[in-house]
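Asker:
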Amino acid sequence: MTEHLQHIQLPEGSIEKQTTTLNLGPTHPATHGVFQNIIELDGERIVSAESTVGYIHRAFEKIAERRPLYQITPLTDRLNYCSSPINNMGWHLTCEKLLGVETPKRVDYLRVIIMELARISDHLICNSIVGVDTGAFTGFLYVMQYRELIYEIYEEVCGSRLTTNIGRIGGFERNFSNTAFTKLEKFLKEYPGVLKEFENLFARNRIFMERTIGGGAISAERALNYGFTGPNLRATGVDYDVRVHSPYSSYQDFDFIIPVGKTGDNYDRFLVRNEEMWQSLSIIQQAYQKIQAFKGEEAEVYHANVPEYYLPKKEDVYTKMEALIWHFKIIMGEVEMPKGEVYHSVEGGNGEVGYYLISDGGRTPFRLHFRRPCFIYYQAYPELVKGGMLSDAVVTMSSLNLIAGEMDA
Amino acid sequence: MTLTNDSIQQKLTAQFGEGFFTFSEQYGMLSFEAPKDQNLKVLQFLYDEPTLAFRFLTDICAVHDPEQPGKELAVVYHLHNLQENVRVRMKIYTAIEDPKIFTATRLFESANWMERETYDFYGVNFVGHPNLKRILNVDEMDYFPLRKEFPLEDQTRIDKDDQMFGRG
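Chains A and B supply the protein sequences, listed in that same order. Positions 338 to 746 (this note's numbering) are the ones given, in order, by the first sequence. Positions 3 to 170 (this note's numbering) are the ones given, in order, by the second sequence.
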C-alpha cells in the first residue's frame, strides 16, 4: 500500500492548506499573450501572484550588436507589435540624434500622422480587448474594420501591415501615394463616428462600469515608483507625456491636451486611452492640414539629404556612380557611425519607449538597450490584483495593455 | 531656479567633494561616473535633495567593455526629474571578477526587474536584492549571454548540416 502511494509527492502542508494555487498561463486565452502567473487563491480572492516572463525572449539586444543601423529597424517592429511604426520612428529618431541629421518639416508631419495612427490602433486593440474580457465582444469586432483601414494606410506607405519596418533614417522610403491620402481622408471622415459609438457602448455602460471601476487601482505615487509611463501613469493623474515634455518630430507645433485620470483603475485607464484616441485624431487632422499647406517642390519632400544613411533611388543606382557607391556601402553595412552615447525616447502606445545606443565609432552599435515600458510596469501586477477577484485580474491584465513582444525583447 | 546640467554638477560636487565624480555631457544629457560602493548614497542624495528630486528611475542596464581592465562592466542608471524635466545618467564601473553593486530596490520598486534583467544578461550581482534570479533566460543557463566573450554565431561557418535548418 505504501509502495503504491510513493510516486505521489505532494509538497509539505499541501493537504492542510486553505488556499488554492492556480496556474494562469502561459498560453491561456484570457492572457492575450504569453504570460504566466502563479496565483494563490482564497476562494475567488487573490492572495498573491507571481509573474513569469521571458517566454518569447529573442535576444534583440545581442543581435543588434552585429547589425548596421538600418537592419535594426525590423527588430524594433517586434517589440510592441500593436504599434510598430512608433517603435520604428523612435529608432530612426535615435539614429538621427546620434548622426546629427535634421529632418525637414514635412517629414516630421508625415511621421506624426503615422505615429498617431499607430497610437489609435494600439489603444483601439487595448480598449476593445478590455471590452471582450468584461463580456462585450461587439465592440471588438466593430472597431477591427478601422484598424484594418489603418493597416491599409501603412501598406500604402511601406508595403507591410503588422511588422512595418516603416521609414528610413532621414525620412520615408517613398512619398505618400494619393491612395494613402485618400484612405487617410476616409479614416478621418468615418472614424470619429465609430469611436463615438464605441465610446457610447462602454463608457457609461452599467455592467462595464461595475466590472472595471476600482479594479486594478494604483496610486500616483506607487505608479511613479514602479516606473509607470504612458496611459497607465496618466490614469493615476500624472500628466507625463514624452510628446509634450521632450517634443520630437515637431510635436511642439501641434495643439492637443494630455488626458489624465484620477484613480488609476481599469476604468480610468479605459477612459484615458479613449480620450487619447480623440486627441490623436485631432493631431492627425492638424498634421494633414499642415501637409496640404506645402506647395510646389516642398510638397515632394519625404526625406532628409543624408546620402551616407539614406538608400538612393533605384534608378539613380543604375545610372549614377555616386548613388551606386552609397547603395553598396549602405547595403554592405560599411558606413561608420560617429562615436557617442545617446538616449532617446518616444511616447509609445504603452509609455516611454527608450533607446540607449552606444557607438564606439564602428559599423554596428557597441551596445543597444531598449527601455520597454511593459516590462517595467508589469512588475506591479501582483500588487494591482492582490485582494481582488480572479476575474478582475484578467481585466487588469488586458487594461495594462501588456504586449509579450515588448516585455521579452 | 531651473535645474541645469551645471547646477546639478555643482550640487553633486558640493555634497560629495571634488574628484568624486567624473562628469561629461553627451547630446545634452549630463553623465557622470561614481565610485562603485557609493551608488546608493548618490541615488539617495539625488532622490532626497529637494532641488534635485530625481525620483523617477527610467532605466537600468549594463555595458560590457573587455578592453577596460578592472572596470569591464558598467551599470548605467537613467534618472529623470519629471517636474523640471531633466534627465541624468549615472555610471558605476566594476571589475568583472567581482561584480557586486548595491541594489536600488529600496528606493525604486521598478529597479527590481531591471536589476534582474541586468543580472540575467551581465551577471552583475546586486547586493541586497530581494529576488535576484534570471528573468528572461532559462534558470538553468550558466553564463551571461550579453557579455562580449559570447560572440554571435559566425554567419559564414560551413560545418553545420544546413538540411536541419531548411537551407540545404
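Beta carbons: idealized from backbone N, C-alpha and C, even for Gly. Owing to the predicted nature of the structure, the values given are computational and were not obtained by experimental measurement.
Anyone know if the C-beta pair for A:M744 and A:V390 falls short of 8 Å?
Answerer: Yes, the pair counts as a contact, with Cβ atoms nearer than the cut-off.
Asker: Quick one, which of B:T158, B:V140, B:D161, B:K150 has its alpha-carbon nearest A:R395's?
Answerer: Of B:T158, B:V140, B:D161, B:K150, the residue nearest in Cα terms is B:V140.
Asker: Helix, strand or coil: which one does DSSP assign to A:M338?
Answerer: With a pLDDT of only 48 at A:M338, under the threshold of 50, the placement of this residue in the model should not be trusted; the figure read from the coordinates follows. Coil.
Asker: Could you pull out every residue in the same chain whose Cβ sits closer than 6 Å to the Cβ of B:N114, ignoring the five residues on either side in sequence?
Answerer: The answer, listed in chain order, is T107.
Asker: Strictly below 8 Å CB to CB, what residues from chain B border A:Q716?
Answerer: What A:Q716 touches in chain B: E111, S112, N114, W115.
Asker: Buried or exposed: A:G476, going by 16 or more other Cβ atoms within 10 Å of its Cβ?
Answerer: Under this definition A:G476 is a buried residue.
Asker: First and last residue of the beta strand (DSSP E) that includes A:N360?
Answerer: 357 to 361 is the span of the beta strand (DSSP E), which, as asked, contains A:N360.
Asker: Using the rule of at least 16 other Cβ atoms within 10 Å of the residue's Cβ for burial, across every protein chain shown, is A:A624 buried or exposed?
Answerer: Its Cβ being crowded by 16 or more others within 10 Å, A:A624 is buried.
Asker: Hey, A:G686 and A:D459: beta-carbon distance below 8 Å or not?
Answerer: Yes.
Asker: What is the residue span of the beta strand (DSSP E) that A:L648 lies within?
Answerer: A:L648 -> no beta strand (DSSP E), and no H or E assigned at all.
Asker: At a cut of 8 Å, does the region 698 to 712 of chain A reach the region 551 to 559 of chain A through at least three beta carbon pairs?
Answerer: Cβ pair count under 8 Å is below three, so no.
Asker: I'd like the ranges of any alpha helix (DSSP H) spanning at least 4 consecutive residues and lying wholly in the region 620 to 708 of chain A.
Answerer: Qualifying alpha helix (DSSP H) stretches, in chain order: 651 to 656, 658 to 668.
Asker: Could you pull the start and end residues of the beta strand (DSSP E) that A:F518 belongs to?
Answerer: First-last for A:F518: 515 to 539, but that is the alpha helix (DSSP H), not the beta strand (DSSP E).
Asker: Among A:V579, A:A660, A:E637, which has the Cα closest to the Cα of A:V643?
Answerer: Closest by alpha carbon: A:A660.
Asker: Does the CB of B:V65 have a neighbour CB from chain A at under 8 Å?
Answerer: Yes, B:V65 counts as interfacial toward chain A.
Asker: Grouping DSSP H, G and I as helix and E and B as strand, with all else coil, what is A:S385?
Answerer: Three-state DSSP puts A:S385 in a strand.
Asker: Output the distance between the C-alpha atoms of A:D379 and B:T15, rounded to the nearest integer angstrom.
Answerer: Answer to the nearest angstrom: the Cα atoms are 53 Å apart.
Asker: Taking the beta strand (DSSP E) that B:E142 falls in, what are its first and last residues?
Answerer: Unbroken run through B:E142: none, as it is neither H nor E.
Asker: For the beta strand (DSSP E) containing B:T158, list its first residue and its last residue.
Answerer: Where B:T158 is concerned, there is no enclosing beta strand (DSSP E), given that its DSSP letter is neither H nor E.
Asker: Comparing C-alpha positions only, which one of A:E381, A:E387, A:L727 sits nearest to A:Q373?
Answerer: It is A:E387 whose Cα lies nearest to the Cα of A:Q373.
Asker: Could you name the residues of the same chain whose beta carbon sits closer than 6 Å to that of A:I451, not counting the 5 residues immediately before and after it, in chain order?
Answerer: The answer, listed in chain order, is P422.
Asker: Would you tell me roughly how many angstroms separate the C-alpha atoms of A:M338 and A:H344, rounded to the nearest one?
Answerer: For A:M338, the predicted model reports a pLDDT of 48, less than 50, meaning its position is unreliable and no value from the coordinates is stated.
Asker: Mind listing which residues of the region 397 to 408 of chain A have their C-beta closer than 9 Å to chain B's C-betas, in chain order?
Answerer: Cβ contacts with chain B come from E398, K399, I400, E402, R403.
Asker: Quick one: using the 10 Å Cβ neighbour count with 16 as the cut-off for buried, is A:A717 buried or exposed?
Answerer: Classification of A:A717: buried, given that the 10 Å Cβ count is 16 or more.
Asker: Quick one: Cα of A:W615 to Cα of A:D729, how far?
Answerer: Each residue's alpha carbon lies about 27 Å from the other.
Asker: Taking its Cβ as the centre, do 16 or more other Cβ atoms sit within 10 Å of B:V44, making it buried, or is it exposed?
Answerer: Buried, since its Cβ has 16 or more Cβ neighbours within 10 Å.
Asker: Hey, how far is the Cα of A:V480 from the Cα of A:L538?
Answerer: Spanning the two alpha carbons is a distance of roughly 12 Å.
Asker: Counting only the same chain and skipping the five closest in sequence on each side, list residues whose C-beta sits under 8 Å from that of A:G507.
Answerer: Result list for A:G507: H429, E433, V438, T440, V444, H640, A641, N642, V643, Y646, Y647, in chain order.
Asker: Quick one: Cα of A:C419 to Cα of B:K135, how far?
Answerer: Roughly 30 Å separates the two Cα atoms.
Asker: Between the region 594 to 613 of chain A and the region 561 to 579 of chain A, can you find at least three pairs of beta-carbon atoms closer than 8 Å?
Answerer: Enough Cβ pairs lie closer than 8 Å, so yes.
Asker: Rounded to the nearest angstrom, how far is the Cβ of B:I94 from that of B:K150, given a contact under 8 Å?
Answerer: So it is not a contact: roughly 18 Å between Cβ atoms.
Asker: Can you give the Cα-Cα distance for A:R498 and A:V690, rounded to whole angstroms?
Answerer: Answer to the nearest angstrom: the Cα atoms are 21 Å apart.
Asker: Considering only their Cβ atoms, is the gap separating A:L435 from A:N424 smaller than 8 Å?
Answerer: Their beta carbons are not under 8 Å apart, which means A:N424 does not touch A:L435 by this criterion.
Asker: Do you know offhand how far B:F22's Cα is from B:P132's?
Answerer: Those two C-alpha atoms are separated by around 29 Å.
Asker: Is the CB-CB distance between A:T549 and A:T471 below 8 Å?
Answerer: Yes; because the gap between Cβ atoms is below 8 Å, this pair is in contact.
Asker: In the DSSP output, what is B:Y95 paired with across the bridge?
Answerer: B:A76.
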